[in-house]
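Okay, structure first, notes after.
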Amino acid sequence: DDIALALELGATRVVLGTAAVQNPDLVRDSLARFGPERIVIGIDARDGRVATHGWRQISELRALDLARAMADAGVQRIVYTDISRDGMLSGVNLAGSVDLARASGLKVIASGGVSSLDDIRALAAHEADGVEGVIVGQALYTGQFTLPEALLITDY
Numbered sequence: 543d544d545i546a547l548a549l550e551l552g553a554t555r556v557v558l559g560t561a562a563v564q565n566p567d568l569v570r571d572s573l574a575r576f577g578p579e580r581i582v583i584g585i586d587a588r589d590g591r592v593a594t595h596g597w598r599q600i601s602e603l604r605a606l607d608l609a610r611a612m613a614d615a616g617v618q619r620i621v622y623t624d625i626s627r628d629g630m631l632s633g634v635n636l637a638g639s640v641d642l643a644r645a646s647g648l649k650v651i652a653s654g655g656v657s658s659l660d661d662i663r664a665l666a667a668h669e670a671d672g673v674e675g676v677i678v679g680q681a682l683y684t685g686q687f688t689l690p691e692a693l694l695i696t697d698y
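The opening residue of the sequence shown carries number 543 in my numbering; numbering runs sequentially from there.
See the structure below:
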């Protein structure tokens, strides 16, 4: 079992993406076996619609509907990636991340488009709304800011 192996090897959490969309029983079984602190659902979306299979397929399923279904199953947190922004340094989808957290009741880790420390500050200002964290890639790779600078904004 890949999830068990990842956790045994030291992963704190495992993110389920397409597998969660295709197999809701896997989500329920994983939550029961490993607990909601260890299982995170990755919701990748373009224009509010869920993308699967490495972003190659855009479904009719709305990200909010998937988030609510996952909350009903016992999930506590998601990684929400606006794939139209990922790697583009175009700014994080603040409204989408905050709206998803508020409407689903889930903790949201935002991903995609972070371009500056201001993006991180804006997300951090919505911790009470359920925005729990941020994933940063391209902005670090291209030197827009450093990891220590970003961590100063957060609680780490």
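Glycine residues also receive a C-beta, built at the ideal position from the N, C-alpha and C atoms. Just so you know, these numbers come straight off a predicted model, no measurement behind them.
Selection from the options that minimises the alpha carbon distance to residue i
i: Q686; options: W597, M630, A546 and L606; result: M630
i: E691; options: E674, A667, D660 and G672; result: D660
i: A699; options: G584, I600, D624 and G590; result: Since the first residue of the chain shown is 543 and the last is 698, residue 699 is not available in this structure.
i: G697; options: A681, A667, L682 and Y683; result: Sequence check: residue 697 is Asp here, not Gly. If we check each option's Cα against that of D697, A667 comes out closest.
i: N565; options: N635, F576, L608 and A681; result: L608
i: V582; options: T684, S657, I545 and R604; result: I545
i: D628; options: L689, A681 and R555; result: A681
Buried versus exposed call for residue i [16 or more other C-beta atoms within 10 Å across all chains shown]
i: R619; result: buried
i: D586; result: buried
i: L665; result: buried
i: G552; result: exposed
i: G596; result: exposed
i: L642; result: buried
i: A562; result: buried
i: A593; result: buried
i: L558; result: buried
Helix, strand or coil at residue i [DSSP, three-state]
i: Q520; result: Outside the displayed range of the chain (543 to 698) lies residue 520, so it cannot be described from this structure.
i: G584; result: strand
i: T560; result: helix
i: S653; result: strand
i: G638; result: helix
i: D624; result: strand
i: E674; result: strand
i: R575; result: helix
i: V592; result: strand
i: R663; result: helix
i: R555; result: coil
For residue j and residue i, believed in contact at Cβ under 8 Å, the rounded distance
i: T623; j: S653; result: 4 Å
i: L648; j: G675; result: That pair is no contact at about 12 Å.
i: G590; j: A605; result: 6 Å
i: G655; j: G638; result: With a Cβ gap of about 10 Å, G655 and G638 do not count as contacting.
i: I677; j: I695; result: Incorrect: roughly 14 Å between the Cβ atoms, too far for contact.
i: V556; j: R575; result: So it is not a contact: roughly 11 Å between Cβ atoms.
Beta carbon proximity, residue i to chain C, threshold 8 Å
i: G584; result: No chain C appears in the structure shown, which is made up of a single protein chain.
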